[in-house]
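So the protein sequences, as listed, match chains P and B. Residue numbering for the first sequence follows the working numbering, starting at 1 and increasing by one per position. Residue numbering for the second sequence follows the working numbering, starting at 1001 and increasing by one per position. The beta-carbon is built from N, C-alpha and C at its ideal position, and this holds for glycine as well.
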Amino acid sequence: MERVLTKNFELPESHTLQVYEKTGGYAALKKALGMQPNQIIDEVKNAGLRGRGGAGFPAGMKWSFVPQNTGKPVYLAVNADEGEPGTFKDRAILEKDPHRMIEGVMIASYAIKAKTAYIYIRGEFDLSYHRLEAAVKEAYAKGYAGKNILGSGYDCDLYVHRGAGAYICGEETALLNSLEGNRGYPRIKPPFPAVEGLFKSPTVVNNVETLAAVPYIIENGAAAYKKIGTEKSPGTKLFSVSGPVMRPGIYEVEMGYPMRKFLHEDVGWMRPGKILKAVVPGGSSMPVLTAQEVEEVNLDYESIASKGSLLGSGGMIVIDDSVCMVWALENLAHFYSHESCGQCSPCREGTGWSYKVLRRMLHGESKKEDIELLLDIGQKMAGKTICVLADSLSMPIASYIGKFRDEFEAHVRGDCQRCRKVH
Amino acid sequence: MKAERFSEASEREIVELLTRYPTKQAALLPVLWVAEREFGYIAPEVMELVAKRLDVSPAHVYGVVTFYTMYQKEPPAQFHIQVCQTLPCAMMGCDKIIEHLKNKLGIKAGEKTKDGRFKLSTVECLASCGTAPAMRVNETYYENLTEAEVDRLIEGFNK
């Protein structure tokens, strides 16, 4: 498989312009500036590139939604606020190959006729931030950003905007509110950002990995990109693998690759003495897959969806048999209740309530009806709120209990062997 | 704390930041970073100064500062140790690291040592799941932690 996103990752100084240019960097931007913006949008549409932040929305289609007749400026906002537990792939791009994403940003900006692009980067990402700032400076100095880009007459400014510690700002409309100097509260949609986003103007919000795939598509054409992967899920995807496996880390995988093969051959399977129990395939909010389902699934949107889960961000959390699922879910409930922005009552109350119920379950103070209560809270908060943070806890609640109910029942009875042994 | 005006260097930075956005308010997050760097932390007086500079209400600034976890709202410790406690780190043993740090520093999570040198916090996912357990001290990540590695780091900080 030809690597689209990570081909420079192992090179020394891969984050510098010098290395990026030496390996053919910014040729795609030169090519793009000689094309019509609509041609670029069509190329990305034809490539079938889908948003890699988690939602999987077709990128080219998102770009085509931007109205060009409003008299208002158009903005591109890059979502580099990676924070979904288990996900650390954007951080890798920002640290190891920021220019690939910047090139994608400039091509996307030209395609949607944006004059300003903001990269909203997670506040904790210190090394990424410094490398990105340095890369932006290099790009300006070489005329890849700013006024009259590469003599084309096209102007576009590029700014890095640092967040300050709020998971919810990874939600695209919360990100826009944060960029405007507000608390990171998600907005009610519609209007969608393409119509009314940043500063009440048409805005496209794209993930880091999505944009990093754009130079390849423009340089080699949609057909070349479509040759990789499956028909409905073209291209490659980054997976970030964590848990007690032999080789945790970042992998670029051709869509449709069998998950079992991936975990066995690429990741090297489990550490000695560890037995695979379950895998969360796409970031902590996604429904869990059992070890049996891992055998049957391929790494693409459709195959994972056929097992009732989602490809999401590609944040793959591998869980071994010694881990108690009540303990794991309690940990995630703490995360989501901490990160709920508090705007919507079902989420603000529901995530905190779930956490309290799980906490007492974990400590052997559970009531008999607590399992049903958890399912009920999960069901009643999902789909009832401005954004999907409530759903992000509701999905693990339903799937952990649905697939590992015996472990929850053991906790209600007060005899979980795993918690006695491990924690 | 007295915070009547920004230093010349900070003011220059703020002037440049304001060119990046169509509204003054949009510069709030970056200006708060500038303010924190100059004044050490964001006291109420600093919030008022920032509010005045950006023509927004002090209440708005307060609302923003308290929404985001990273802004320092009190005098910071010299070393702010932030240990990730989310699932991948938890599976890989962050509890042991946190316990070890508590014992070593003689404080609970959320507390500062008496000499003001260390603050220990437990934080949510640092996107360091493949190199768990992980922590961030001030602005640097430390990954694949062991108790021995923590000892070595603390010794280094104490030098």
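Within 8 Å, strictly: CB atoms of residue i and residue j
{"i": "Glu1045/B", "j": "Ala1003/B", "result": "yes"}
{"i": "Met381/P", "j": "Cys416/P", "result": "no"}
{"i": "Gly53/P", "j": "Ser306/P", "result": "no"}
{"i": "Ile1098/B", "j": "Thr1113/B", "result": "no"}
{"i": "Val1034/B", "j": "Asn182/P", "result": "no"}
{"i": "Gly51/P", "j": "Thr210/P", "result": "yes"}
{"i": "Met316/P", "j": "Val280/P", "result": "yes"}
{"i": "Tyr257/P", "j": "Val4/P", "result": "no"}
{"i": "Leu1105/B", "j": "Asn331/P", "result": "no"}
{"i": "Glu252/P", "j": "Thr6/P", "result": "yes"}
{"i": "Val294/P", "j": "Met255/P", "result": "no"}
{"i": "Leu1054/B", "j": "Val1083/B", "result": "no"}
{"i": "Leu132/P", "j": "Leu76/P", "result": "no"}
{"i": "Leu374/P", "j": "Ser354/P", "result": "yes"}
Cβ-Cβ separation, residue j to residue i (assumed contact under 8 Å), whole Å
{"i": "Val205/P", "j": "Pro193/P", "result": "6 Å"}
{"i": "Ile102/P", "j": "Ala139/P", "result": "5 Å"}
{"i": "Tyr225/P", "j": "Ala47/P", "result": "4 Å"}
{"i": "Tyr336/P", "j": "Ser233/P", "result": "Their Cβ separation, rounded to whole angstroms, is 28 Å, which puts Tyr336/P and Ser233/P out of contact at 8 Å."}
{"i": "Gly104/P", "j": "Val214/P", "result": "4 Å"}
{"i": "Ile228/P", "j": "Glu2/P", "result": "7 Å"}
{"i": "Leu1126/B", "j": "Tyr1141/B", "result": "7 Å"}
{"i": "Gly165/P", "j": "Glu124/P", "result": "7 Å"}
Contact list for residue i against chain P, beta-carbon separation under 8 Å
{"i": "Val1064/B", "result": "Gly181, Asn182, Arg183"}
{"i": "Leu1105/B", "result": "By Cβ distance, chain P contributes nothing, its closest Cβ being about 21 Å from Leu1105/B, past 8 Å."}
{"i": "Pro1030/B", "result": "His161, Arg162"}
{"i": "Thr1069/B", "result": "Ala164, Gly165, Ala166"}
Beta-carbon proximity list for residue i, same chain, < 6 Å, skipping 5 on both sides
{"i": "Gly378/P", "result": "Ser394, Ile397, Ala398"}
{"i": "Met361/P", "result": "Val326, Asp370, His411"}
{"i": "Lys274/P", "result": "Pro244, Asp320"}
{"i": "Ser309/P", "result": "Pro281, Met286, Pro287, Leu289"}
{"i": "His264/P", "result": "none"}
Residue i burial status per 10 Å Cβ neighbour count (16 or more: buried)
{"i": "His161/P", "result": "buried"}
{"i": "Asp155/P", "result": "exposed"}
{"i": "Val1015/B", "result": "exposed"}
{"i": "Ser201/P", "result": "buried"}
{"i": "Glu171/P", "result": "buried"}
{"i": "Phe1157/B", "result": "exposed"}
{"i": "Ala333/P", "result": "buried"}
{"i": "Lys89/P", "result": "buried"}
{"i": "Arg1012/B", "result": "exposed"}
{"i": "Met1092/B", "result": "buried"}
{"i": "Arg420/P", "result": "exposed"}
{"i": "Asn8/P", "result": "buried"}
{"i": "Thr70/P", "result": "exposed"}
Same chain only: Cβ atoms within 8 Å of residue i, ignoring 5 sequence neighbours per side
{"i": "His423/P", "result": "Legend: pLDDT at His423/P = 45, less than 50; position of this residue unreliable, no value from coordinates given."}
{"i": "Met270/P", "result": "Pro244, Val245, Met246, Leu276, Val318, Asp320"}
{"i": "Phe1079/B", "result": "Arg1117, Phe1118, Lys1119, Val1137, Asn1138, Phe1157"}
{"i": "Leu1029/B", "result": "Val1064, Tyr1068"}
Proximal chain B residues relative to residue i, where beta-carbon distance stays under 8 Å
{"i": "Ile250/P", "result": "Gly1130"}
{"i": "Pro244/P", "result": "Met1091, Met1092"}
Close beta carbons around residue i, own chain, < 7 Å, minus the five adjacent residues each side
{"i": "Tyr185/P", "result": "Ala174, Asn177, Cys341, Gln343"}
{"i": "Gly56/P", "result": "Arg50, Tyr301, Leu311"}
{"i": "Leu1032/B", "result": "Ile1042, Val1050, Val1065, Tyr1071"}
{"i": "Ala80/P", "result": "Asp90, Leu94, Ile119, Tyr120, Ile121, Arg122, Val208"}
Chain P residues whose Cβ lies nearer than 9 Å to that of residue i
{"i": "Gln1025/B", "result": "Glu180, Gly181, Asn182"}
{"i": "Glu1011/B", "result": "By Cβ distance, chain P contributes nothing, its closest Cβ being about 18 Å from Glu1011/B, past 9 Å."}
Partner residues on chain B for residue i, Cβ-Cβ distance less than 7 Å
{"i": "His338/P", "result": "Glu1124"}
{"i": "Ser284/P", "result": "Leu1087"}
Under 9 Å from the C-beta of residue i: neighbouring residues of chain B
{"i": "Asn317/P", "result": "For the record, residue 317/P in the displayed sequence is Ile; it is not Asn. Within 9 Å Cβ-Cβ: Leu1087, Pro1088, Met1091, Cys1129."}
{"i": "Leu373/P", "result": "Result: empty, since nearest Cβ-Cβ is about 22 Å, beyond 9 Å."}
Amino acids of chain P, ordered along the chain, whose beta-carbon sits closer than 7 Å to that of residue i
{"i": "Glu1139/B", "result": "Asp126"}
{"i": "Arg1020/B", "result": "Tyr159"}
- Message: What are the residues in the stretch 138 to 167 of chain P lying within 8 Å of chain C by C-beta distance?
- Response: Within the model displayed, chain C is absent; protein chains P and B are what it includes.
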